[in-house]
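Chemist: Residue numbers (my numbering), protein chains in the order written: chain C, 15 to 115; chain R, 15 to 115.
Glycine is no exception: its CB is placed at the ideal position from the N, C-alpha and C atoms.
Protein chains: 2
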Amino acid sequence: MVKLIALFRKPADPAAFDRAYFETHVPLVRQVPELRRVEVARITGAPRGEPEYYLMAAMYFDDRAAMDRAMASPENAAAGKNLMGFAKGLVTFMFAEEVGE
Amino acid sequence: MVKLIALFRKPADPAAFDRAYFETHVPLVRQVPELRRVEVARITGAPRGEPEYYLMAAMYFDDRAAMDRAMASPENAAAGKNLMGFAKGLVTFMFAEEVGE
Chain C
15 MVKLIALFRK
25 PADPAAFDRA
35 YFETHVPLVR
45 QVPELRRVEV
55 ARITGAPRGE
65 PEYYLMAAMY
75 FDDRAAMDRA
85 MASPENAAAG
95 KNLMGFAKGL
105 VTFMFAEEVG
115 E
Chain R
15 MVKLIALFRK
25 PADPAAFDRA
35 YFETHVPLVR
45 QVPELRRVEV
55 ARITGAPRGE
65 PEYYLMAAMY
75 FDDRAAMDRA
85 MASPENAAAG
95 KNLMGFAKGL
105 VTFMFAEEVG
115 E
């Protein structure tokens with residue numbers, strides 16, 4: 015499995031962010047083709063000091079080719095456009111591949 | 015489930031980092047009490063530009079109380095001391111809780 019990870023820094027208005035994220039954005043993400051699973055985790059703290067992030071999402075795909083096709087889809091473009099409406103400057107994306115360790 | 019997430023920025027010598035991480039550090043992490051699962055993912059890229067991180071690890075626990083006990087254990091102290099020997103300045107930790115979305 016491969017995944018697209020989104021890390022979000024703390025928004026100025028967390029309640030408004032959460033509404034936009036969970037009520038509008040996640041339903042759009044779920045329409046992205048070949049998406050197998052979405053995991054969202056709230057960041058609740060850090061061992062020392064304040065955590066760098068507020069929320070982390072992982073979107074899972076079967077392999078890199080499937081993720082590339084998904085990234086190029088109109089559904090992903092719509093989800094990205096929606097996200098930029100409320101999370102611009104807060105989000106960092108990266109592609110990841112799980113490894114047996 | 016709750017998890018401790020570790021994000022690592024790109025090391026100066028990735029091969030040396032990988033040896034230290036997978037051969038020495040992960041075996042110490044596995045000795046931490048109440049740890050249910052470790053997931054390690056290599057960061058393979060980003061939709062735009064260079065990714066901010068090199069590696070992400072997630073250590074899963076049943077609940078926050080179990081994670082707190084694990085963090086306070088001598089096994090975790092040993093793993094942390096080992097980590098600071100090769101990843102100081104590269105690692106960011108945070109606690110997270112998966113949410114139904």
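Quick one: grab the DSSP three-state call for Arg78/C.
Modeler: helix
Chemist: Interface residues of chain C around Tyr67/R at Cβ under 8 Å?
Modeler: Met108
Chemist: Can you check whether the C-beta of Ala93/R is within less than 8 Å of a C-beta belonging to chain C?
Modeler: no
Chemist: Just tell me which of Phe107/C, Met73/C, Ile19/C and Asp82/C has its CA closest to the CA of Val43/C.
Modeler: With distances taken between Cα atoms, Val43/C lies closest to Met73/C.
Chemist: Which of the three DSSP states is assigned to Arg56/C in this structure?
Modeler: strand
Chemist: Starting from Met108/C, trace the beta strand (DSSP E) both ways and give me its first and last residue.
Modeler: Val105 to Val113
Chemist: So which of Val113/R, Tyr67/R and Asn90/R has the shortest CA-CA distance to Pro10/R?
Modeler: Lying outside 15 to 115, the shown extent of chain R, residue 10/R is not represented and no answer is given.
Chemist: Going by beta-carbon coordinates alone, are Thr58/R and Ala110/C separated by less than 8 Å?
Modeler: yes
Chemist: Chain R partners of Val113/C, CB-CB under 8 Å?
Modeler: Val54, Ala55 and Arg56
Chemist: Taking Cβ to Cβ, would you say Tyr67/R is nearer than 8 Å to Phe22/R?
Modeler: yes
Chemist: For Ala71/C, does the count of other Cβ atoms within 10 angstroms reach 16, so buried, or fall short, so exposed?
Modeler: buried
Chemist: What residues in its chain sit with their C-beta under 7 Å from that of Pro65/R, if we drop five residues either side in the sequence?
Modeler: Ile57 and Gly59
Chemist: Using a Cβ-Cβ distance cut-off of 8 Å, determine whether Met98/R contacts chain C.
Modeler: At a cut-off of 8 Å, the C-beta of Met98/R has no neighbouring C-beta in chain C.
Chemist: Sorted by chain position, which residues of the same chain lie with C-beta nearer than 6 Å to Glu53/R's C-beta, five sequence neighbours on each side aside?
Modeler: Ala72
Chemist: Which residues bound the beta strand (DSSP E) around Lys24/C?
Modeler: It is not in any beta strand (DSSP E) - Lys24/C carries neither H nor E in the DSSP assignment.
Chemist: If you count every other CB in all the chains shown that lies within 10 Å of the CB of Val113/C, and 16 or more means buried, which is it?
Modeler: Looking at its Cβ environment, which holds fewer than 16 other Cβ atoms inside 10 Å, Val113/C is exposed.
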